[in-house]
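Notes for the one structure printed next.
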Amino acid sequence: MKKLIFCALGLISLNLSALEQSAYTTIKAMQVYPDYGGGDFTLRLETPAAKCKGYWIGKNSPAYDVTVSLLLAAYHAGTKVSVFGHDEDTARWAGTTTHFCKIYTVASEKGR
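Counting with mature numbering (1 follows the signal peptide of the UniProt record, and there is no 0), you get residues -18 to -1, 1 to 94 for the letters of the sequence shown.
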């Protein structure tokens, strides 16, 4: 049983190590591609992360609508967000030469 728990913890830490969190900052730019990727949505932050120079989410993501809604609201309100992105090369967006990371989650805090 202990081996199973340690194995599970190891897998969780491996998965989390492939994420890069941005600082809390405002959204600099957003763009949607109606035909590329079937509706890919990208964004760049005022203060980019070390590896993730931008972020993307595909239209086929189950949380596409709610994620884009949150990002649009934050952009128009000037609210700061922190984005966690999958920074591994396999999650890189093919539509740019810079490293755009696939969005894992977006955090927003009132008053930041």
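Glycine included, every Cβ here is placed at the ideal spot set by N, Cα and C. Remember, it's a predicted structure, so these values are computed and weren't measured experimentally.
Query                                                                                                                                                             : Result
Once you ignore the five residues that flank I(-7) on each side, which residues in its own chain have a CB closer than 6 angstroms to its CB?                     : At I(-7), the pLDDT of 46 sits below 50, so the modelled position is not reliable; the number obtained from the coordinates is stated separately. Contacts found: none.
In three-state DSSP terms, what is H81?                                                                                                                           : coil
Within the continuous beta strand (DSSP E) that includes S64, where are the two ends?                                                                             : 63 to 68
Which residues share a DSSP beta bridge with W75?                                                                                                                 : None, per the DSSP bridge assignment.
Could you pull out every residue in the same chain whose Cβ sits closer than 6 angstroms to the Cβ of T29, ignoring the five residues on either side in sequence? : A5, T7
Return the first residue and the last residue of the alpha helix (DSSP H) that G47 is part of.                                                                    : Here the sequence assigns Asp to residue 47, which means Gly is not the residue at that position. Segment 46 to 59, the alpha helix (DSSP H) holding D47.
Tell me, to the nearest whole angstrom, how far the beta carbon of A11 is from that of E70; I am working on the premise that it is less than 8 angstroms.         : Not quite, the Cβ-Cβ distance comes to about 24 angstroms (not below 8 angstroms), so this is no contact.
Cα separation between K(-17) and T24?                                                                                                                             : Here K(-17) scores only 49 on pLDDT, less than 50, and its place in the model is too uncertain to base an answer on.
Per DSSP, which one or two residues make a beta bridge with T24?                                                                                                  : Q13, W38
Going by DSSP, what residue range makes up the beta strand (DSSP E) through E91?                                                                                  : Run containing E91: none; DSSP gives neither H nor E here.
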